[in-house]
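One point on numbering: in the UniProt record's numbering, the residue at position 136 of the sequence shown is 136, and numbering is uninterrupted. Yeah, the Cβ is synthetic: ideal placement off N, Cα and C, and Gly gets one too. Quantities reported herein were computed from a predicted structural model and do not represent experimental measurements. Structure record follows, encoded as structure tokens.
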Amino acid sequence: MSRILEGKAAVVTGSGQGIGRDIAICMADLGARVITNNRKPGSSLDAFEKTSLQFNDEEREALQKVKGDAQTTADEINRSGGEAIPFYGDVSDFKTAEKMVQTAVDHFGRIDIIVNNASSNWVGNIMKMDEELWDTSVASKLKGAFNLMHHALPYMKEQGFGRILNSSSDAFLGLEGYAAYGAANAGLVALSKAAAKDVAAHGITVNAYTPLAKTRAWYNAVATYRLQGVSKEQVEAVAPEAMKETAEGMVPFLAYLASDSADSISGYLFKLAANGEIGVWSDSEIISEIKQEEGVWTIGELEKRVPGELLKHLKESGSKLPLK
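This is the structure we're talking about:
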């Protein structure tokens with residue numbers, strides 16, 4: 001097996017289970033020494049904040065198999081001959097993020113790779129969201145990424161090498177039921193693109209990606225829909241194929257981005273799917289435009305030209321299985 005990350009030190013947040021766990025294990029297999037992380041020992045079956053779903057036996061059994069925390073992931077890496085240290089703490093706390101980076105530097109002598117994978121989420125109508133849920137969703141994803149970047153970048157600049165990988169989501173498009181999560185992920189895309197420009201002269205790359213794979217959230221979604229009268233078969237019929245497969249097969253791409261070989265790849269947003277698809281998202285661009293040649297717009301002109309010209313060829317997208 002290639003050891004393209006030999007000698008490098010990585011921090012992978014939210015790596016107790018799910019995609020983060022697979023990223024940490026993959027990078028360790030390829031030679032990196034890894035700090036694994038989640039907020040606290042143990043894990044919950046519930047993937048979404050402030051939820052307590054009544055899982056059936058099949059769902060509960062599947063969730064028990066994917067449970068884990070920073071210690072269990074580190075143990076698996078160490079048993080396989082790699083080197084990993086668990087770190088418990090919430091990355092949305094500025095001082096905690098600093099301690100996490102310092103742990104890597106103290107134990108490994110450097111910090112080369114940051115994978116900002118940690119996030120919190122709540123699914124539901126924006127009218128039911130409270131301030132605490134908003135703050136948790138945005139802070140864990142967006143502020144957490146900034147915190148790790150802020151503390152790691154001085155070391156990376158001094159080394160002349162750094163790789164930052166930020167886990168976003170296609171929720172940045174504005175998916176129904178994912179208002180705060182979508183806002184945080186849209187912010188993370190902008191953060192990644194701006195930071196890539198800021199650090200380009202220092203041998204540091206910054207990229208974001210939208211992963212899609214079967215995780216704890218999949219089983220939670222299935223249970224949520226079941227409780228609303230939607231069967232597992234109905235959910236599977238409309239779900240992307242990548243959500244039916246676990247993440248092991250897609251994470252090598254992230255290891256590649258973290259390697260010396262990807263030194264010219266920065267500022268991109270990649271699509272990464274468990275069924276083997278890798279893509280690049282386009283940048284936003286104006287796709288339709290109208291112009292008032294003289295004077296100011298009148299309401300009458302807008303009422304005519306907005307639907308008749310500006311929005312004529314656009315279609316509104318919507319979810320097929322809305323969560324209530």
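Would you kindly check if the distance between the Cβ of ASN220 and the Cβ of PHE48 is under 8 Å? yes
Contact the stretch 299-312 vs the stretch 266-281: 3+ CB pairs below 8 Å: With fewer than three CB-CB distances shorter than 8 Å, the stretch 299-312 does not count as touching the stretch 266-281.
Same chain, Cβ closer than 6 Å to PRO322, neighbours up to 5 away in sequence not counted: Residue placement at PRO322 cannot be trusted, given a pLDDT of 45 that sits under 50; what the coordinates show is reported in the next sentence. Correct list, in chain order: GLU176.
Scan the stretch 87-146 and note each continuous beta strand (DSSP E) run of 3 residues or more that stays entirely inside, going in chain order. 113-116
List the endpoints of the continuous alpha helix (DSSP H) containing ASN78. 70-79
Give the range of the alpha helix (DSSP H) segment to which ILE265 is assigned. Here ILE265 belongs to no alpha helix (DSSP H), and DSSP marks it neither H nor E.
Span separating the alpha-carbon of LYS312 from that of ASN78: 58 Å
Between GLU6 and the rest of its own chain, which residues show a CB-CB distance below 7 Å, the 5 nearest in sequence each way excluded? GLY31
By the DSSP assignment, the alpha helix (DSSP H) with LEU302 in it spans what residues? In the DSSP annotation of this structure, the continuous segment of the alpha helix (DSSP H) that includes LEU302 starts and ends at 299-305.
For the candidate residues LYS193, LYS214, TYR155, whose alpha-carbon lies nearest to that of VAL235? LYS214
Using the three-state DSSP reduction, which class does THR13 fall into: helix, strand or coil? Taken through DSSP and simplified to helix, strand or coil, THR13 comes out as coil.
Report yes if the CB atom of GLN247 is closer than 8 Å to the CB atom of LEU191, and no otherwise. Inspection of the sequence shows that residue 247 is occupied by Ala rather than by Gln. ALA247 is not a Cβ neighbour of LEU191, given a cutoff of 8 Å.
Mapping DSSP to helix, strand and coil, what is VAL251? VAL251 falls in the coil class under three-state DSSP.
Would you verify that the beta carbon of SER52 is, or is not, closer than 8 Å to some beta carbon of chain C? Given the protein chain composition of this structure (a single chain), no chain C is represented.
Select from LYS128, GLY203, LYS232, VAL11 the residue whose C-alpha is nearest the C-alpha of ALA70. Ranking LYS128, GLY203, LYS232, VAL11 by Cα distance to ALA70 puts VAL11 first.
Cβ neighbours of SER319 in the same chain (closer than 6 Å, five flanking residues each side left out): With a pLDDT of only 45 at SER319, under 50, the local geometry of the prediction cannot be trusted, and the value read off the model is given with reservation. Counting only Cβ-Cβ distances below 6 Å, and skipping sequence neighbours, we find GLU176.
Quick check: what's the CA-CA separation for ASN147 versus ALA237? 39 Å
Specify the secondary structure class of LEU63 as computed by DSSP and reduced to three states. helix
How big is the Cα-Cα spacing for HIS151 and GLU61? In this structure, the alpha-carbon of HIS151 lies about 39 Å from that of GLU61.
Nearest to VAL134 by CA position, among PRO252, ASP22, LYS50, ASP260, is which residue? Checking the sequence shown, residue 134 turns out to be Trp, not Val. Selected option, being the one with the closest Cα: LYS50.
Nearest by alpha-carbon distance to ASN166: which of ALA179, ARG33, VAL189, TYR178 is it? VAL189
For THR246, the first and last residue of its enclosing beta strand (DSSP E): Run containing THR246: none; DSSP gives neither H nor E here.
Can you look up ARG3 in the DSSP assignment and give me helix, strand or coil? coil
Going by DSSP in three states, LYS192 sits in which element: helix, strand or coil? According to the sequence shown, residue 192 is Ser rather than Lys. Reduced to three states, the DSSP call for SER192 is helix.
Buried or exposed: which applies to ASP263, given that a residue is buried once 16 or more other Cβ atoms fall within 10 Å of its Cβ? Classification of ASP263: exposed, given that the 10 Å Cβ count is below 16.
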